Structure formats: C-alpha cells, structure tokens
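S.K.:
Numbering (the working numbering), first residue to last: 142 to 614.
1) Going by C-alpha distance, which of 532, 415, 485 is nearest residue 338?
2) Please report how far the alpha carbon of residue 240 lies from the alpha carbon of residue 273, in whole angstroms.
3) Given this structure, state the Cα-to-Cα distance separating residue 587 from residue 286, to the nearest angstrom.
4) Could you check what DSSP says for residue 304 in three-state terms: helix, strand or coil?
5) Considering only the beta carbon of each residue, do residue 304 and residue 331 sit closer than 8 Å?
6) In whole angstroms, what separates the C-alpha of residue 525 from that of residue 579?
7) Jot down the residue ranges of each uninterrupted beta strand (DSSP E) in the stretch 323 to 401, minimum 3 residues, whole runs only, in chain order.
8) Are there three or more Cβ pairs, one per stretch, closer than 8 Å when the stretch 498 to 511 is compared with the stretch 170 to 182?
9) Measuring only the C-alpha atoms, how far is residue 210 from residue 216?
10) What whole-angstrom Cβ distance do residue 279 and residue 200 have, given they're in contact under 8 Å?
11) Determine whether the beta carbon atoms of residue 481 and residue 294 lie at a separation below 8 Å.
12) Tell me where the alpha helix (DSSP H) around residue 168 begins and ends.
13) My understanding is that residue 250 touches residue 261, with C-beta atoms under 8 Å, so please give their C-beta distance in whole angstroms.
14) In the stretch 195 to 245, which residue ranges form an unbroken alpha helix (DSSP H) of at least 4 residues, counting only runs that do not cross its ends?
15) For residue 601, does the count of other Cβ atoms within 10 angstroms reach 16, so buried, or fall short, so exposed?
16) Near residue 544, what residues of its chain come up, given a Cβ to Cβ distance below 6 Å and the 5 sequence neighbours on each side ignored?
17) Expressed to the nearest angstrom, what Euclidean distance is found between the alpha-carbon atoms of residue 593 and residue 547?
18) What is the rounded straight-line gap between the Cα of residue 159 and the Cα of residue 165?
19) Could you name the residues of the same chain whose beta carbon sits closer than 7 Å to that of residue 324, not counting the 5 residues immediately before and after it, in chain order?
20) Helix, strand or coil for residue 276? Go by DSSP, reduced to three states.
21) For the alpha helix (DSSP H) holding residue 554, just list the boundary residues, first then last.
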C-alpha cells in the first residue's frame, strides 16, 4: 500500500529506505553485516568443483568366455532396456568387451542421489532371474563430484623400484585414510605384492590331480571361519578355524590331494613365487633440468669443454625418470578442500622418516585446495580494488561524504551475499567465485550512477529544504 507524506507517495521500497534513514540501528546493522561476511569468508568451505548434483552410477557385469558381440546381445542390450525403465534416467552409456559389460547411467540434474541409487538397485535385484547362465551379478558403483581427487602426492626415488614404492605408499595410504573428512584414497602405479602359483602339468598328471581340484583346495585353505565358542570362568572364548595364507611357504604347505597314501602339497606340483605382480600401469616422475648455462659462461675463454659437459649433464637430467607411485585423495561432500588438504599434508610430513624413508621424495602433483584458496583470495583482492577505485573516483568528483557511502555499500552487499552462501550450505568454487567476480562489475557501476543521481537531485535549487527521503526516492 502507498501512503502520502507531505504530498509525496511512498511505496514498499520507499518504506525500506525510510526505515534505514531514520533508524538508529542502521550503523549496528551495517557492522553486523560486515562481521557476518567476514565470518562467512573464514567458515565457507572452499573447493575447486561446484556441488552440482548429477547422479551417475557405474554398472559392471562379468561374462567369462563370451566375445564382445555375445556380451552386447546377451548382457548389455537387455540390461539397457531395464535401465531405461527407471524414472529419471537421462543417458545410458555402455561398453561391451570380451568377458565384460559396463554401463554408465546418468540421471537428470537435481535428482536425489540416494533415491536414484535405490531405484536402480531395486530394478536390478528384481530381475536377477533374467541373468544368463555363467554371467555374474552386477556390481553397482555410484560416482560423485567429490570422487575427484583434491590432492595428489607422488612418491618417487632413484633407489626404490615400483614394487618397493608401492609398499611404502600402501602404508602411507592407510595413514591418510585416518585423516578426518577424507573419503577415498587411491593408489596409482607401482606393483602390488602377489603370490603366483604356476602349476606343472606333468607333476599334476603323475599324482592324478586336476587344476580345478587344486584351485578349490587352495581357495578353501585361504579362509577363516568361526567355529563356535566356549565359556571359561567369567570369559567367553571364540573359536576360529583356518586362517589366511600370508606368504609363499604357507601357500606351498597347502594339501591339495593324496597320492599313494601320502599327502600332496602344493609345492610338490607347482612353482610358487612371492613377489611383485605383473605391471598393469606405469607411473614415472620426470626430474627435469637441474643445470643452466648462461651465454657469458658459454663464451668464456677455455670454457668450451666445461660447457659441453654441463650441457650433456643437463640433457641427461632432462631424460632422467624415476619410478613413482601416486596417492590420490578425495574429500567428503561439503567439506573445505583447503582444510582437508592441510591435514593430509601435515600427516604426511609427520610420517617422513618413519613410514616414508628419507631417500623417497614426496611431491605434490595436484592441490585443488591451493587453487581454491588462490581464487577466493583473488576475489577478495578484486573487491578491495573495486572499493578503493570507486571511492577515490566519487570522492574526487562528488565529494568524500558520498564516497564513504559507496565504500560502505559495496562490502556490505558482498558480505551479506557470502553470509547467505554459508547459511544455504553453498561452497566457494569456480562457479560461485565467477558469479561473485562478475557481480563486482554491477556493484561498481550501480553505486556510481545512483550516488551521482542522488547528489544531482539533492543539489537542485528546488529541492533545498526538502526531506532527504523525498529527494532520494
């Protein structure tokens, strides 16, 4: 509703302006807004990627012995038909390869992630009877934006091979998993420990054994089963039978059959090797050039031989590559990438010399927390430049009182925006930062135009003696 005041009509916006002009609480509200914004800058989680909810689920199905064409016709296509029946599915991407079918199901943006996973699981479990013989049950693995690593640490050394580095990285992996707000830790590269069993067909035939029988006996021996319990005094003792095989000697001691009334051990019919697995992928760390040659050094008297030697050394350094293993760290949803990365790096630093040997270097090859911090700090820097520049411009043209109004309006507006981000659960990421930087242009332009227009009207002869509210609205 509008009301008249000294012949002037006031609308809803005018009432808001009038309240802040007449109220003695306005300075306190401005101070509170700035403090809220400062607190939001400190408390807002910072990350590289925005929290866009796009449910995406991977489905893996094994089909041993089938060709890629058979997998497509018998597994992939029927599975796609079932998946399209799930509400909210936008795209399905599938790949058929010999013995394996993989499908990626992507739902519409904004779909509830948990509900999408539940719907997909229900659809798959309700149609297990349609699985062809010899095909495994589907492995369902959701993917999230937070699965993208925020930190990558590369362990490399010229004294350790891929197998040894993998063992060091595995210990560091377990320690990093204990850091709060860390969701996933992945090892990339290196060679895992593996006990390989190479059966000898001649020795198997001499003892009347078949490979399938040996595999079954080995699988049964590598198992730990609860066998009950009994009471002893005031205690209850749990009994377990069997145990997991831990080394080549334990594997070789497994009884796989009987021949001529004597037990046949696995070591009697196979070669057993405890060592690194076959290499599946390589991670190498390039050290780069450690030497440089200036033009004056190259032209110095009697320096030709020395210069050539330095150049050869530099070339060798450029080509030098060391075995490496990378540890990729992902954070939990909604957490601060900077804080999580700092905790992980502090943990790694504390483990140097104990878990990580002195001759193993740890290099940061990805640090999204550092990137997020740089971008957010850049925003604050640009905001300060905008406030300073606009205030100086208005102070020189219109007056320092008017420039003070602008110097307060811009930071208060951004402070309230950041506080709103915090209360709504948003994060500072590349999208929100771009929006804020883009809005600085509007915040710079509007105060100049508005304040200049208000001052122009305020200085008109006809407006002398009129209330400030009537002049500004």
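Backbone N, C-alpha and C define an ideal beta-carbon position, used for all residues, glycine too.
The model shown is predicted, which means the values in this text are computed figures rather than measured ones.
M.R.: Inspection of the coordinates gives the following:
1) Checked all of 532, 415, 485; the closest Cα to residue 338 is 415.
2) Going by the C-alpha atoms only, they are around 13 Å apart.
3) 37 Å
4) helix
5) Yes, Cβ-Cβ distance for residue 304 and residue 331 is below 8 Å.
6) 15 Å
7) Correct list: 323 to 329, 334 to 340, 364 to 373, 376 to 384, 396 to 400.
8) Too few Cβ pairs lie closer than 8 Å, so no.
9) Rounded to the nearest angstrom, the gap between the Cα atoms of residue 210 and residue 216 is 10 Å.
10) 5 Å
11) Not closer than 8 Å, so no.
12) 167 to 184
13) Contact between residue 250 and residue 261 does not hold, since the beta-carbon distance rounds to 17 Å and is not under 8 Å.
14) 209 to 212, 218 to 225
15) exposed
16) 532, 535, 536
17) 11 Å
18) Computed Cα separation, rounded: 12 Å.
19) 287, 471, 472, 473
20) DSSP places residue 276 in coil when its eight states are reduced to three.
21) 541 to 565
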